[in-house]
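Per our numbering, the very first residue in the sequence shown carries number 358; after that it's consecutive. Written out below as C-alpha cells is the structure these notes cover.
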Amino acid sequence: MGRTLKKLVRDLLEVCQVLSQNTFMPELHPATQKQGTLESWSDLGHQIIYQLVVFLRPPPRHSFQLQPPGGRHVPERCSNIRVVLECSCSSTTGETSCFVHPTHDAQPSRLLRTLCTGSHLEVEKTAGWVQSLVEAAWERSPQWHDWKLQLLPSSRSCRLLLTGPCQVQLCAELLLAVRQGRPGNFLVLE
Ligand SMILES: [Zn+2]
358 MGRTLKKLVR DLLEVCQVLS QNTFMPELHP ATQKQGTLES WSDLGHQIIY
408 QLVVFLRPPP RHSFQLQPPG GRHVPERCSN IRVVLECSCS STTGETSCFV
458 HPTHDAQPSR LLRTLCTGSH LEVEKTAGWV QSLVEAAWER SPQWHDWKLQ
508 LLPSSRSCRL LLTGPCQVQL CAELLLAVRQ GRPGNFLVLE
C-alpha cells in the first residue's frame, strides 16, 4: 500500500509540474531519493500517514530569498521568504518583458500578485494554491480513479485523504518547503 501511495503522490506532482509550466508560478518538486529523510510514515492503526517534503521551485526570473526570522519588514501573516524579481533585459529570448523594468502594457508577476503580500510569500495563500493545483492534477489522472481523493483542510500544507478499493484509507501530507543556500538546506513553510 505504501508503494502505491508513493506512486500516486509522485504521479500527481508530475502532473502539477506540467500544469505550472509557463505560468510563472512555482513548480512542485518532491524530495529526491538521495534526501530520503525528507519523507516519513506513521501508522495510526486505522490509517497510514505519509509525509513528504515538496520543494517550491521559483519560476523563471524569480528567486526566493530567506529573510532573517523576526525581520522588521515582514508583514504579518507572511513567511520570511521574499520573492525577488530578476532583470531579464539582456536576455536573448526577449518574448516577454522584464518584470523589473516592465513596458507599460506588461503583466506584473503572477506569483507576486496571487501568493504574496508585498513581496513576501504568504503561507496560507501558497497552501491554498497548491491544494487547487493538486485537485486540477487529480482531474487529469484518470489512471487513479478507482481511488477517491479528498482534500483535508490545512492552512500550511496540502493534506490528501485517499480512499482506495476495499475502503483502505491513506493520508498524505505535502509539506511545502523552499531550498536555501547549500544543497540539502531548506526551510519548511509554517
Ligand atoms: Zn530589466
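Here a beta-carbon is modelled for each residue, glycine too, at the ideal position from N, C-alpha and C.
Distance cut-off 6 angstroms: residue i Cβ against heavy atoms of ligand 1
| i | result |
| --- | --- |
| H461 | no |
| V441 | no |
Cβ distance (whole Å) where residue i is taken to contact residue j below 8 angstroms
| i | j | result |
| --- | --- | --- |
| Q408 | L508 | Between L508 and Q408 the Cβ distance is about 16 angstroms, and since that is not below 8 angstroms, they are no contact. |
| R513 | L546 | 7 angstroms |
| F412 | R536 | 6 angstroms |
Residue i to residue j span [Cα, whole Å]
| i | j | result |
| --- | --- | --- |
| L365 | F381 | 25 angstroms |
| L469 | E530 | 25 angstroms |
| Q475 | L423 | Position check: residue 475 holds Gly in this sequence, whereas Gln was assumed. Those two C-alpha atoms are separated by around 15 angstroms. |
| T389 | S445 | 30 angstroms |
| W501 | L385 | 20 angstroms |
| Q524 | I438 | 40 angstroms |
| S399 | V410 | 15 angstroms |
| R467 | F421 | 15 angstroms |
| V491 | P432 | 28 angstroms |
| F543 | R414 | 12 angstroms |
| Q526 | R360 | 14 angstroms |
| H461 | H430 | 28 angstroms |
| L376 | P416 | 13 angstroms |
| D368 | S498 | 8 angstroms |
- Message: Please give me, in chain order, every unbroken run of the alpha helix (DSSP H) with length at least 4 that falls completely inside the segment 419-476.
- Response: 467-472
- Query: Which residues have a Cβ closer than 7 angstroms to any heavy atom of ligand 1, listed in chain order?
  - Reply: C444, S445, C446, C455, V457 and H458
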